[in-house]
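Below is one structure, written out as structure tokens; the observations come after it.
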Amino acid sequence: MALNLEKLSSVLQNFVSGTADVQGAALVTPDGLPLTSTLPSGMDEERVSAMSAAMLSLGERIGSELARGSIDRIFVEGDKGYGILTSCTEDAVFLVLADKAAKQGVLMLEIKRSLAELKLLLA
Amino acid sequence: MALDPRQFLARMTQRMGFSDADKQLLKSNAEWGLTIAPDMADAFYDYLGRDEEMSQILNATDGRIHRLRETFIEWFHEMFTGMDDWGDNYADRRWRIGLIHVRVGIGPQHVVPAMATVMAKVGDRLKTDDQADDLRDALSRSCMVDLAFIEQAYIEATSTAVLRETGWTEGLFRRLVATGAGAM
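Protein sequences, first through last, are from chains W and D. Mapping of the first sequence onto my numbering: position 2 corresponds to residue 458, and the numbering continues sequentially without gaps. Mapping of the second sequence onto my numbering: position 27 corresponds to residue 129, and the numbering continues sequentially without gaps.
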């Protein structure tokens, strides 16, 4: 079945606009190609996609090497905010960019909800 | 990024214009090639040995330089014979020699100028031994094919190690290299 990019894009846009302090999100392939994204202006979609896939893959490799089991997410915390990477399916990686003010509990819950929707669309 | 030596050889042969006529010419001079091979090995390792870092690598273990020199003589002669008419054995052997260079630590930055020295020496011997210039051209093209194997071995070994350690896909790796190089 062909991917419904319109619906995927809509889930992403709803997630970004409906979750407090979320600045952007992207869905990318493990090869680092963008599927769909809603990113802050000035961010290069191609570059963000490659970085996201690289980081998740490397994180999973590190998790395995350090015997941490399967990795739920990669969490990057900077003084300006968060970058959260989650494996969506075998074929997609979900990136979320959030402001420092974001409440982590809410953020994780919203990510979980969006992941469920995205997985259905990617199945 | 597993390289298929046979396919790589075919691609490089075509790219370098290494023709059937070149192969025939080299084959018919295989005996001459064998007689000059020890001198060419000396030229190659004398050049490398003048570099302090290379000298350390070449003499890092007992007998290494001797083994490498013997391999060079065989390799040089094989450029004339083509082993199995530049077939699978020839391609595999070139690939293995490339990997040995990686393992020992003799990089393209050292091999390329050293090989240029060898080709200059070959040119001298051609004149001394009254050999035709087209033999030099044929040998140059064969040599370029072999240098391509050595350079490719470095790239393949490096990228395979990165892929193994990071879990990245080949496509992702190529994309990161392309975007990284674009940002330089």
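Note that CB positions come from ideal geometry on N, CA and C, so glycine has one too.
Rounded distance between the beta-carbons of residue j and residue i, thought under 8 Å
i       : j       : result
L578(W) : T545(W) : 5 Å
A509(W) : L274(D) : 5 Å
V264(D) : F120(D) : In fact, because the Cβ distance is near 31 Å, the residues do not count as touching under 8 Å.
Q479(W) : L553(W) : 5 Å
A255(D) : L201(D) : 5 Å
F249(D) : V214(D) : A quick correction: the sequence has Leu, not Phe, at residue 249(D). About 6 Å; that satisfies the 8 Å criterion.
W188(D) : L237(D) : Incorrect: roughly 17 Å between the Cβ atoms, too far for contact.
T219(D) : Y149(D) : 5 Å
T485(W) : A558(W) : Between A558(W) and T485(W) the Cβ distance is about 26 Å, and since that is not below 8 Å, they are no contact.
I518(W) : I540(W) : That belief does not hold up - the Cβ atoms of I518(W) and I540(W) are roughly 16 Å apart, past 8 Å.
R171(D) : A216(D) : With a Cβ gap of about 13 Å, R171(D) and A216(D) do not count as contacting.
R277(D) : D487(W) : 7 Å
K536(W) : K556(W) : 6 Å
Cross-chain neighbours of residue i in chain D, by beta carbon under 7 Å
i       : result
E516(W) : G269
Identity of the residue in the options nearest residue i by Cα
i       : options                            : result
F368(D) : D186(D), D190(D), I159(D), A145(D) : A question about residue 368(D) goes unanswered here, because the residues of chain D that appear run from 103 up to 286.
T271(D) : A476(W), L489(W), Q479(W), L468(W) : L489(W)
V472(W) : A572(W), L551(W), L576(W)          : L551(W)
G207(D) : G284(D), S157(D), G282(D), S244(D) : S157(D)
D239(D) : M221(D), W188(D), R266(D)          : M221(D)
T115(D) : T262(D), A216(D), F251(D)          : F251(D)
K463(W) : L491(W), I540(W), E516(W), T485(W) : L491(W)
A538(W) : D477(W), L468(W), N470(W)          : The identity of residue 538(W) in the sequence shown is Tyr, whereas the question assumes Ala. Taking only the C-alpha atoms, the option nearest Y538(W) is D477(W).
A280(D) : M507(W), L522(W), R517(W)          : M507(W)
S493(W) : Q469(W), D528(W), E521(W), D555(W) : Q469(W)
E154(D) : W177(D), H212(D), A285(D)          : H212(D)
I257(D) : R108(D), M286(D), G209(D)          : G209(D)
V224(D) : A104(D), Q109(D), D141(D)          : D141(D)
R569(W) : G474(W), E516(W), A458(W)          : G474(W)
M511(W) : S520(W), V532(W), S465(W), P496(W) : V532(W)
Neighbouring residues, chain D, relative to residue i (Cβ below 9 Å)
i       : result
S570(W) : The contacting residues do not exist; S570(W) stays about 23 Å from chain D at best.
Interface residues of chain W facing residue i [CB-CB closer than 8 Å]
i       : result
T281(D) : E502, R503, A506
Contact set between residue i and chain D, taken where Cβ atoms lie within less than 8 Å
i       : result
A510(W) : T268, W270, L274, L278
S513(W) : T268, G269, W270, T271, L274
C-beta neighbour in chain A for residue i, strict 9 Å
i       : result
G525(W) : Judged by its chain identifiers, the structure shown contains no chain A, and its protein chains are W and D.
Within the chosen definition, does the region 227-240 of chain D reach the region 160-170 of chain D through at least 3 CB pairs nearer than 8 Å?
-> With a cut-off of 8 Å, the region 160-170 of chain D and the region 227-240 of chain D do not count as touching, because too few Cβ pairs lie within range.
Near-chain D residues of the region 462-488 of chain W (beta-carbon distance less than 7 Å), N- to C-terminal order | Listed by position along the chain: P486, D487, G488.
Inspect the CB distances between the region 483-502 of chain W and the region 120-131 of chain D and report whether three or more fall short of 8 Å.
-> In short, these stretches do not touch, since the Cβ pair count stays below three.
Count the C-beta pairs between the region 123-133 of chain D and the region 176-186 of chain D that are closer than 8 Å, then say yes if the count reaches three, no if not.
-> Three or more beta-carbon pairs drawn from the region 123-133 of chain D and the region 176-186 of chain D are found closer than 8 Å, and the two stretches are therefore classed as touching.
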